[in-house]
Amino acid sequence: MTTVATRLSPQGTQRRRTQARRETLLFYLCISPWLIGFLAFTAGPMIASLVLSFTRWDMLSPPEWVGVKNYVHMFTADPDFWQSLKVTAVYTVFSVPLRLLTALFLAILLNEATRGVGIFRTAFYLPSIVASAAAAVLWSWILNPKFGPVNGALRLLGIKGPSWFSDPRYALWGLVIMSTWGVGGEMLIFLAGLKSIPQQLYEAAEIDGAGRWVRFTRVTLPMLSPTIFFNFVMSMIGSFQTFDSAYVISTARAGTIGGPMNSTLFYMLHLYRNAFGWQKMGYASALAWVLFMIILVLVLLTLRSSALWVYYEAERKE
Amino acid sequence: MADTVFPQARPVSAVRWWRGKRAGKIMHDVIVYTLLIVLSILFAFPFFWMLSSALKPEYQIFVWPPQWIPDPIMWSNFREALGNPLLPFHLFFRNTMIIEVAVLSGRLLSCTLVAYGFARLKAPGKEVLFTILLATLMLPAPVTMIPKFILFNKLGWVNTFLPLTVPAWFGEAYAIFLMRQFFMSIPRELEEAARIDGASTFQVIRYVIVPLSVPVLTVIAVLTFKDNWNDFMNPLIYLNDAKLYTLAVGLAFFNGQFDVQMNLLMAASVVVILPLVILFFIAQRAFVEGITLTGLKG
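Here the protein sequences line up with chains A and B, keeping their order. Counted the way our numbering counts, the first sequence spans residues 1 to 318. Counted the way our numbering counts, the second sequence spans residues 1 to 298.
Pasting the structure below:
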């Protein structure tokens with residue numbers, strides 16, 4: 001065998017080369033659906049929207065090149081852009097930490113329990129599978145100023161509940177509360193993170209005399225920091241793209257997109273309105289790219305900061 | 001081990017230490033379970049309120065203290081809510097299911113093929129392409145939304161299901177990633193045995209890989225079904241004709257009507273939410289695993 005192989009070696013390499021070529025061909029054949037999809041639905045549109053962002057286009061007449069005018073307009077002459085940025089930022093600053101704390105707290109409770117975990121986990125998780133559009137319909141009834149149970153409960157405490165989604169001062173807070181209802185996904189991820197912390201670490205800490213609080217701050221939090229980091233980044237990306245709930249509630253309860261008085265004018269609502277309400281495709285593309293850049297910068301900043309507070313075991317081992 | 005050493009170190013206080021620990025354990029359980037019960041009631045309450053409102057006659061909607069258990073129970077609310085000719089919920093349901101079937105089959109088929117390529121085959125450029133695939137996971141949808149709309153509009157696809165279903169036949173990064181990880185854990189020997197028997201690559205995928213990958217395929221099917229069921233923005237953008245609405249858009253449309261009757265609106269909400277809740281109880285493990293896997297990739 002070996003002698004034959006050595007004698008035929010030129011042809012052997014030849015065959016191996018054909019083999020490799022065939023495998024390469026097969027690989028590209030296999031991944032072609034994704035590759036075509038990536039070019040047609042991701043890369044192509046990304047470049048197209050960047051180009052479009054330098055044009056004015058209503059989809060009826062041909063697009064007109066306007067240079068950076070869209071961007072200049074956005075930053076200097078569109079107060080709704082700043083309002084939508086403000087609404088989105090305020091919402092993110094409050095809802096992301098609130099969501100993460102709630103999710104973490106629920107996960108810790110579930111991790112501490114020994115029996116009946118399945119029932120509680122289901123109760124906490126189930127709201128997160130509800131469509132945000134449907135959740136918005138449901139919550140506008142729960143936060144109904146006159147007949148809703150929340151204001152009813154507040155009345156029992158002698159507090160006059162606000163008009164939530166009809167009051168510009170409270171509409172956004174209604175959405176923050178509502179989003180906290182749907183933290184089931186983050187909770188499950190935290191729970192998996194908690195379960196993967198090696199038990200010996202807690203035992204070792206206990207032997208050293210560490211109480212519950214010290215064990216939490218010195219073992220749980222550092223070991224969980226990659227999970228916190230992941231949830232934080234995903235939550236932030238999601239929060240900046242909030243659309244469904246705000247659209248459903250504002251169009252129904254206040255009658256206008258982002259109402260009342262633009263108090264729930266999320267960035268995505270402003271973008272949607274420009275693109276599909278007013279057919280300003282060029283300007284909306286510019287808005288989309290600015291959003292993309294904001295998210296990118298925030299993610300990169302978080303990533304940069306992660307060296308300070310995220311603990312990766314693999315790094316430690318080096 | 002450690003537990004046996006510790007009491008020996010302080011023999012005098014050992015019993016008291018143990019007793020204190022036991023009392024602490026009971027206290028701990030009381031606090032944990034009280035919180036769990038209170039919080040789970042709080043989280044489940046909106047569901048209860050929805051169901052209760054859905055079954056009330058209209059006048060009981062507006063009473064305080066609330067009529068917790070409707071009397072009489074108005075099953076007819078469902079018929080009335082779904083029978084409104086302006087809101088053809090049977091069509092919304094049919095439309096949603098058509099889209100679901102087209103998306104699920106397309107996504108499972110295309111992603112299996114792509115994931116197999118990334119998991120098993122060697123080719124120049126593979127690493128770069130895989131990195132690009134992972135990068136698209138983080139890409140916010142709005143940045144591609146407008147050109148996609150323009151493209152589908154040019155193709156004459158607006159106001160059809162095609163913009164919502166066709167892209168699913170071209171793979172999806174997250175599903176591909178999950179499948180690839182799973183395929184890589186399948187022993188190569190199984191595949192080689194099939195190849196010696198003369199199986200082609202596609203036969204290997206069909207008869208070796210797919211039957212062994214039922215768990216990951218279930219996870220992807222369930223999460224795809226959920227995301228698609230809940231999708232609001234895409235159907236909102238692409239479907240203009242009320243006859244083509246999906247359930248989520250139809251419900252929002254109902255909600256936006258002037259002078260909407262709350263009990264009927266809640267009945268419709270139950271109809272929109274219930275199928276997913278049922279699916280969750282059938283495929284609970286797939287849901288939990290799917291979400292957990294999402295987190296572990298980070």
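Beta carbons: idealized from backbone N, C-alpha and C, even for Gly. Small disclaimer: the values here were computed from a predicted structure and weren't measured.
Can you confirm whether residue i, when its beta carbon is compared against all beta carbons of chain A, has any partner nearer than 7 Å?
i: F170 (chain B); result: yes
i: L35 (chain B); result: yes
i: Y116 (chain B); result: yes
i: V214 (chain B); result: no
i: N255 (chain B); result: yes
i: L155 (chain B); result: no
i: I165 (chain B); result: Going by the sequence as given, residue 165 (chain B) is Thr instead of Ile. It does not: the Cβ of T165 (chain B) has no partner Cβ on chain A nearer than 7 Å.
i: S105 (chain B); result: no
i: A119 (chain B); result: no
i: M27 (chain B); result: no
i: M74 (chain B); result: no
i: T218 (chain B); result: no
In the DSSP assignment, find the alpha helix (DSSP H) that holds residue i and state where it starts and stops.
i: G106 (chain B); result: 89 to 120
i: W82 (chain A); result: 79 to 112
i: F253 (chain B); result: 247 to 255
i: I279 (chain B); result: It should be noted that the sequence gives Leu, not Ile, for residue 279 (chain B). Its alpha helix (DSSP H) spans residues 262 to 282.
i: Q199 (chain A); result: 199 to 207
i: R169 (chain A); result: That residue, R169 (chain A), is in no alpha helix (DSSP H); it is neither H nor E in DSSP.
i: V130 (chain A); result: Per DSSP, V130 (chain A) belongs to no alpha helix (DSSP H) and is neither H nor E.
i: P147 (chain B); result: 142 to 154
i: V208 (chain B); result: It is not in any alpha helix (DSSP H) - V208 (chain B) carries neither H nor E in the DSSP assignment.
i: V128 (chain B); result: 126 to 136
i: D244 (chain A); result: 244 to 249
Check residue i in the structure and name its three-state DSSP category.
i: W75 (chain B); result: coil
i: I220 (chain A); result: Residue 220 (chain A) is actually Thr in this sequence, not Ile. The answer is helix: DSSP assigns T220 (chain A) an H, G or I state.
i: E172 (chain B); result: coil
i: R56 (chain A); result: strand
i: W65 (chain A); result: strand
i: I189 (chain A); result: helix
i: M261 (chain A); result: coil
i: W309 (chain A); result: helix
i: A288 (chain A); result: helix
i: E318 (chain A); result: Note that E318 (chain A) scores 42 on pLDDT, short of 50, meaning its location in the model is unreliable; the coordinates nonetheless yield the value given after this. Three-state DSSP puts E318 (chain A) in coil, outside helix and strand.
i: I119 (chain A); result: helix
i: F38 (chain A); result: helix
i: P311 (chain B); result: No answer is possible for residue 311 (chain B): it lies beyond the span of chain B, which begins at 1 and ends at 298.
i: I295 (chain A); result: helix
i: S225 (chain A); result: helix
i: A199 (chain B); result: coil
i: W229 (chain B); result: helix
I want to see whether chain B comes within less than 7 Å of residue i, judged by CB atoms only; does it?
i: S285 (chain A); result: yes
i: V183 (chain A); result: no
i: D80 (chain A); result: no
i: E112 (chain A); result: yes
i: I295 (chain A); result: yes
i: I177 (chain A); result: no
i: A252 (chain A); result: yes
i: M46 (chain A); result: yes
i: A205 (chain A); result: no
i: M108 (chain A); result: Here residue 108 (chain A) turns out to be Ile, not Met, going by the sequence shown. Judged by the 7 Å Cβ criterion, I108 (chain A) is not in contact with chain B.
By how many angstroms is the C-alpha of residue j removed from the C-alpha of residue i?
i: K69 (chain A); j: G148 (chain A); result: 47 Å
i: L42 (chain B); j: S245 (chain A); result: 20 Å
i: L101 (chain A); j: P88 (chain B); result: 41 Å
i: M262 (chain B); j: G185 (chain A); result: 29 Å
i: A135 (chain A); j: V204 (chain B); result: 44 Å
i: G152 (chain A); j: W64 (chain B); result: 8 Å
i: L35 (chain B); j: G174 (chain A); result: 24 Å
i: Y202 (chain A); j: L190 (chain B); result: 42 Å
i: I308 (chain B); j: L291 (chain A); result: No answer is possible for residue 308 (chain B): the residues shown for chain B start at 1 and end at 298.
i: T264 (chain A); j: A199 (chain B); result: 59 Å
i: L178 (chain B); j: K126 (chain B); result: 17 Å
i: A283 (chain B); j: A210 (chain A); result: 41 Å
i: L271 (chain A); j: A288 (chain A); result: 7 Å
i: A284 (chain A); j: S105 (chain B); result: 33 Å
i: Y312 (chain A); j: I176 (chain B); result: 26 Å
i: I142 (chain A); j: W49 (chain B); result: 8 Å
i: V222 (chain B); j: A286 (chain B); result: 7 Å
i: V103 (chain B); j: I237 (chain B); result: 18 Å
i: L269 (chain A); j: Y91 (chain A); result: 14 Å
i: F120 (chain A); j: V32 (chain B); result: 12 Å
Inset, instruction - Scan the stretch 12 to 75 of chain B and note each continuous alpha helix (DSSP H) run of 4 residues or more that stays entirely inside, going in chain order. - result: 14 to 54, 58 to 61
Inset, instruction - Note down, in chain order, all residues in the stretch 258 to 292 of chain A with a beta-carbon under 7 Å from any beta-carbon belonging to chain E. - result: Protein chains A and B are contained in the structure displayed, whereas chain E is not.
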